[in-house]
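Before any comments, here is the structure.
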Amino acid sequence: MSRLAELQSLLQNGILAGDNECDGVLAVLRTGNGAPVAERFGIYTNAYRARLVEIVGKDHELLVEYMGEDLFNRMALEYVDAHPSSTTNARYYSRNLSLFLAENEPYKRWPQMAEIVSIQTALDDAFDSEDNLAAGLEDLSGLAPEQWAGLVFEPHSSVRTLEATTNAFEIWSALKAGHEAPPPEILDTKLTLIVWRQDLTPKVRPQGYEEAMLWKEAGRGVAFGVLCEMAATFDQPETAAERAASYLAGWLNAGLLASARTC
Amino acid sequence: MTAQPKVSKELDLRDAGARSSTENGFSKPPFLGFGLGLRSEHYSEILDNRPPIDWFEILSENFMVPGGQPLKILDQIRASYPIVMHGVSLSIASTGEPNWDYLRSLKALAERVEPRWVSDHLCWTGVHGVNLHDLLPIPYTQEALGHICSRVQLVQEYLGRELVLENVSTYVDFAESEMPEWEFLSELTRRTGCWLLFDVNNVYVSARNHGYDPVRFLEGIPADRVVQFHLAGHSDMGDYIIDTHDHPVSDEVFELYRKALDRFGPVSTMIERDDNIPPLADLLEELERARRIAENVLPSQSLLQLNDRRNEHFRRA
Ligand SMILES: [Fe+2]
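Sequence order for the protein chains is A and B.
Under the numbering used here, read the first sequence as residues 76 to 338, first letter to last.
Under the numbering used here, read the second sequence as residues 647 to 963, first letter to last.
Right under this line is the structure:
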């Protein structure tokens, strides 16, 4: 190992450990002017934590509001210690936060917190996801009636779906609108949330059970005719085609599909 | 909007005449005038009013994302203004493996943006796969110099362009350093052909923190290798100064800027504000102060050419 590599490992370990007084580090630094060398090295160790906590807080402003600053700061410091950054882009530093909250005490006792973070993370990912044109209703205007059953779909590259076990979406929406958050609840059945970008704006909305099921199948390449049959077994058969067509119109109007074409 | 890419192309041609060549075939980047760091707080004002700012410096990492609004806005701004790219995660002094994913993404962005130059800092940001998101100090030794020179050469070869490297603010120095920072920088630029981004505030901060005269730093840097100045604010803690970029530029830093212009001549100048971001008008006022200092120090010829170019540019835009 070169001397430069040795010095870099030494400093990095001191910074990660938050140890201003780290003997090994102090031994290689010049003492002299002004403040003691431990205090100067402390500028780096303090800045490291403060900077990452700030990044997490800026990414998750609604979570800060929901948790309150004290609990948030305590949690964020724990996150920073558990997750040294490996990304060259601070934009991605808090990507493990949801998992961290879901897995660690005491935060896992409040599962809505991890889910609030998942919603925000999905929106942020949709915000700067790959550019990709969206299909519109007009793409189907020339279609003959017998061709509809063969339509297959490709989701827009910005789309992400989440399954919430709590009323996190309700909490997130209230906070976003500047209202007081409702009390947390565990839902009887999981709620599917679909997150995507329409033009430049990231969006999120819940999907009903039937729509969520059909969306998932459509994303696997199942053709529209089969989706209609699935809808017929799921609920009233007489209106199944109508319901499927109305979901499809919604997907196209919202920019959820990259393409809709006959195979 | 549709006519604007043409404007920037014409600027390119005009700038080409002002370039001087160097021994290794690359030419010295042009004097762009007085610019600002591009910050999202100012996007709409810039796009709506097209204020007369000569150029913008973008933070490369902010645009190293797959798509969406950031890149869309950047496309619009670069159609009207010259752009330079400034990164924080190159970690050129790191002894870890070169980060090829980062370099690939940086190169792709440079191909899209076609910046006047690409800069980062003379520092390391982490080893062993960790990024500390800070600009960490190096020992000024022959060993470190050799390592960093080989990294600069590698990156320059990969990007197909010369790098511009910036001096950082430091709070500690290594007992085993064998030369002052300015000697290290001079040797680095001499051996690799990289250019220098002279951060006037960082020189001031490091000089105070380590107890030397900033003018010694200034005079130790070769006069023809500096292509950009940063001006920024700091926080004076008494015993030391922290480079916080959350205040206006101090009088002392403006005074050092005057001396830097005197030594380095017309060098593209900008204000770097990263926190506590004021309205654009406040930054324009600070930038105006820099411009007035330059008008006093520099031969009027060098600024005249710039004014012609600017007037022409904004008439078209
Ligand atoms: Fe700087």
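Ideal Cβ positions, reconstructed from N, Cα and C, are used throughout, including at glycine.
Identify every residue that forms a DSSP beta bridge with Glu812/B.
His767/B, Leu843/B
Assuming Ala335/A is part of the beta strand (DSSP E), what are its boundary residues?
332–337
What residues match up with Glu285/A in a beta bridge as DSSP calls it?
Partner(s): none; Glu285/A has no beta bridge.
Between the Cα of Thr816/B and those of Ser673/B, His876/B, Ile888/B, spot the shortest distance and give me the residue it belongs to.
Ile888/B
Flag Ala964/B as yes when its Cβ comes closer than 8 angstroms to any non-hydrogen atom of ligand 1, and as no otherwise.
Lying outside 647 to 963, the shown extent of chain B, residue 964/B is not represented and no answer is given.
Going by beta-carbon coordinates alone, are Leu250/A and Leu137/A separated by less than 9 angstroms?
yes
In its own chain, which residues sit with a C-beta less than 6 angstroms from the C-beta of Ser667/B, not counting the 5 before and 5 after it?
Confidence in Ser667/B is poor, its pLDDT being 41 and thus under 50, which makes the residue's placement unreliable; the coordinate value appears in the next sentence. Same-chain partners within the cutoff: Ser673.
Out of curiosity, what's the CA-to-CA distance linking Asn670/B and Val711/B?
For Asn670/B, the predicted structure reports a pLDDT of 48, less than 50, and the residue's modelled location is therefore unreliable. The matter cannot be settled from this model.
Given a cut-off of 9 angstroms, decide if Phe709/B and Thr915/B are closer than it, judged by their beta-carbon atoms.
Going by C-beta atoms, Thr915/B is not nearer than 9 angstroms to Phe709/B.
Only counting runs of 3 or more residues, tell me where the beta strand (DSSP E) segments fall wholly within the stretch 695–721 of chain B, in order along the chain.
With a minimum length of 3 residues, the continuous beta strand (DSSP E) runs that stay inside the stretch 695–721 of chain B are 702–705.
Please decide whether Ile784/B counts as near chain A, where near means a Cβ-Cβ distance under 9 angstroms.
yes
Restricting to Cα atoms, I'd like to know which of Leu684/B, Leu755/B, Asn942/B is closest to Glu703/B.
Leu684/B
By the three-class DSSP mapping on this structure, what secondary structure does Leu208/A have?
coil
Leaving aside the five residues before and after Glu205/A along the sequence, list all residues of the same chain whose C-beta is less than 8 angstroms from its C-beta, in chain order.
Within the same chain, Glu205/A has close Cβ partners Ser232, Ser233.
Do Leu811/B and Leu791/B come within 9 angstroms of each other at the CB atom, strictly closer than that value?
Not closer than 9 angstroms, so no.
Within the chosen definition, does the stretch 164–179 of chain A reach the stretch 126–143 of chain A through at least 3 CB pairs nearer than 8 angstroms?
yes
Would you mind sorting Ser735/B into buried or exposed? The rule is 16 or more other CB atoms within 10 Å of its CB.
buried
Outcome for Met16/A when other beta-carbon atoms lying within 10 angstroms are tallied against a minimum of 16
Residue 16/A lies beyond the residue range present for chain A, which begins at 76 and ends at 338; the question has no answer from this structure.
Looking only at its own chain, which residues have a Cβ that is under 7 angstroms from the Cβ of Ala662/B, when we skip the five neighbours before and after it?
A caution first: Ala662/B carries a pLDDT of 35, below 50, which makes its placement in the model unreliable, though a value can still be read off. So the list is empty, once near-sequence residues are dropped.
Taking 8 angstroms as the line, does the beta carbon of Asn847/B fall inside it for any heavy atom of ligand 1?
yes
For His732/B versus Ser160/A, is the C-beta distance shorter than 9 angstroms?
Taking 9 angstroms as the Cβ cut-off, His732/B and Ser160/A do not qualify as a contacting pair.
Who are the neighbours of Tyr748/B on chain A, taking C-beta pairs under 7 angstroms?
Thr163
Contact check, Val895/B vs Asn847/B, beta carbons under 9 angstroms
yes
Sequence-distant residues of its chain with Cβ nearer than 7 angstroms to Ala80/A (five each side left out):
The answer is none, since no qualifying residue turns up.
If we define contact as Cβ-Cβ less than 9 angstroms, is Tyr154/A a contact residue for chain B?
No - not a single Cβ of chain B is within 9 angstroms of the one on Tyr154/A.
Does Val711/B get closer than 9 angstroms to chain A when you measure Cβ to Cβ?
With 9 angstroms as the cut-off, Val711/B counts as an interface residue toward chain A.
With 7 angstroms as the limit, tell me which residues of the stretch 783–812 of chain B have their beta carbon closer than that to any beta carbon of chain A; keep them in chain order.
Pro785, Glu789, Ala790, His793
Over the uninterrupted alpha helix (DSSP H) stretch that includes Gly132/A, give me the two end residues.
112–134
Quick check on Gln222/A - is its C-beta less than 9 angstroms from some C-beta in chain B?
no
Determine the burial state of Asp200/A: buried for a count of at least 16 other Cβ atoms within 10 Å of its Cβ, exposed for fewer.
buried
Compute the Euclidean distance between the alpha carbons of Trp746/B and Ser77/A, then round it to the nearest angstrom.
22 angstroms
Any contact between the stretch 746–759 of chain B and the stretch 897–914 of chain B? By contact I mean 3 or more CB pairs, one from each, below 8 angstroms.
no
For ligand 1, is there a heavy atom less than 8 angstroms away from the beta-carbon of Glu918/B?
For Glu918/B, the Cβ falls inside the 8 angstroms cut-off from some heavy atom of ligand 1.
Could you tell me whether the Cβ of Glu96/A comes closer than 9 angstroms to any Cβ of chain B?
For Glu96/A, the answer is no, since every Cβ of chain B falls outside 9 angstroms of its Cβ.
For chain A, is any of its Cβ atoms less than 9 angstroms away from the one on Glu669/B?
Unreliable placement is indicated for Glu669/B, whose pLDDT of 45 sits below 50; no coordinate value is reported for it.
In chain B, which residues lie with their C-beta within 7 angstroms of the C-beta of Ala122/A?
Asp780
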